[in-house]
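Chains as they are written, first to last, in the UniProt record's numbering: chain W, 1 to 134; chain H, 1 to 134.
There are 2 protein chains.
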Amino acid sequence: MRTVETVTDATSSWDPYEQGCPSRDLLDRIGDKWSILVLGELGEHGTSRFTELRKRLSGVSEKMLTQTLRALERDGLVLRTVHPEVPVRVEYELTPLGHTLRGPLRGLTQWSLQHMAEVLAAREAYDVRTGQTG
Amino acid sequence: MRTVETVTDATSSWDPYEQGCPSRDLLDRIGDKWSILVLGELGEHGTSRFTELRKRLSGVSEKMLTQTLRALERDGLVLRTVHPEVPVRVEYELTPLGHTLRGPLRGLTQWSLQHMAEVLAAREAYDVRTGQTG
DNA sequence: CCTGGGAACTCTCCATCGGTAAGTAGCCAC
DNA sequence: GTGGCTACTTACCGATGGAGAGTTCCCAGG
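Listed below in structure tokens is the structure:
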């Protein structure tokens, strides 16, 4: 675990606007559709099982849920615990690192909730301007 | 159609965890790889031309840059201005609504910058645990 | 012994998406 | 009329995401 004192130095050496910079990959990963929702769910609800998550994130395929969880586990954001019972029980929860993402992520979801109406109106106006149907 | 007067009420009636809810689409759009970078660039640098953006977001294809800008324009986040000169000059800038997204987005990019090292370390540890090569 | 059932995947097939690169439009200088 | 500039648009194609069936592990029931 690094100390936080040298954060400024650490951040100054990466640039997400540069192709090939790892920070762009990371931004892409945490900005991913299902990652945002999985992290949000685990943040609000705490520990969850695979099928619970699948139900709550309505519309996610099992394949994508597995892939997303694996990626988040690899990045140290989610902890995966297998309980060797019958049938097997697998629980997912945020790591301390994962919890530090809750704030920024909540910012995003709250913005989208708060400005839904404006965006919807803008879309309608745009479609009228450009003559789109529906 | 919901009324806009009661923003707090308005946000409570949408749920990005529900399939088909427009807020999920919106979250997906603003959480998009290129959208984050385009909005970030326009936020930091102000008005930019097409080719300027393409240079700064190294690795973006013209197709994706066009698509992203169009989507952001449709959502009322970006203003597109065509100057009928020769050759034509097109400028992009954030709308007031787009500016309200700067904060949440900066939160995300800063998090990714600040925690790069931890994530990179977690990935290495995971790859060692699971026996991946590279 | 064989079937069935629950949880968490894993695999296969197919449609859509993103990247690459070449083509288009409008207009002016040569 | 050929080339050049800017901002796209289009065609092609490999990679990615969704739908759904199959797999593994173990135990209960007939």
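For every residue, glycine included, the Cβ atom is placed at its ideal position computed from N, Cα and C.
field: Three CB pairs or more closer than 8 Å across the region 14-32 of chain H and the region 29-39 of chain W
entry: yes
task: Note down the Cα distance separating Leu69(H) from Pro84(W), rounded to an integer number of angstroms.
output: 50 Å
- request: Return the residues of the region 82-116 of chain W that lie within a Cβ-Cβ distance of less than 8 Å from chain H, sorted by chain order.
  value: Leu97, Thr100, Leu101, Gly103, Pro104, Leu105, Gly107, Leu108, Thr109, Gln110, Trp111, Ser112, Leu113, Gln114, His115 and Met116
- prompt: Is there contact here, the region 91-99 of chain H with the region 36-50 of chain W, by at least three beta-carbon pairs under 8 Å?
  reply: no
- request: Determine the closest residue to Ser13(H) out of Glu124(W), Thr130(W), His115(W) and Gly131(W), with distance taken between C-alpha atoms.
  value: His115(W)
task: Would you please verify whether the beta carbon of Ala71(H) is less than 7 Å from any beta carbon of chain W?
output: no
DSSP state of Met1(W) mapped onto helix, strand, coil: Interpretation of Met1(W) is limited by its pLDDT of 48, a score under 50 that renders its predicted location unreliable; no figure is taken from the coordinates.
message: Would you call the region 100-118 of chain H in contact with the region 95-112 of chain W, where contact means no fewer than 3 C-beta pairs closer than 8 Å?
response: yes
task: Look up Tyr92(H) in the DSSP assignment and give the residues it is bridged to.
output: Ser48(H) and Arg80(H)
task: Under the assumption that Arg123(W) contacts Asp75(H) (Cβ atoms under 8 Å), give the Cβ distance between them as a whole number of angstroms.
output: 6 Å
- request: Closer than 9 Å by beta-carbon distance: list the chain W residues that pair up with Leu67(H), in chain order.
  value: Note on identity: in this sequence residue 67(H) is Gln, with Leu being the wrong assignment. The contacting residues do not exist; Gln67(H) stays about 14 Å from chain W at best.
- prompt: Around the C-beta of Gly62(W), are 16 or more other C-beta atoms found within 10 angstroms, so that it is buried, or is it exposed?
  reply: Note that residue 62(W) is Glu in the sequence shown, not Gly. Its Cβ having fewer than 16 others within 10 Å, Glu62(W) is exposed.
- prompt: When the distance is taken between beta carbons, is Tyr17(W) closer than 7 Å to Arg54(H)?
  reply: no
task: Using alpha carbons as the reference points, say which of Arg80(W), Gly98(W), Val128(W) and Tyr126(W) lies closest to Pro118(H).
output: The amino acid at residue 118(H) is misidentified as Pro; the sequence shows Glu. Selected option, being the one with the closest Cα: Gly98(W).
- prompt: Can Ser58(H) and Gln19(W) be called in contact, C-beta distance under 7 Å?
  reply: yes
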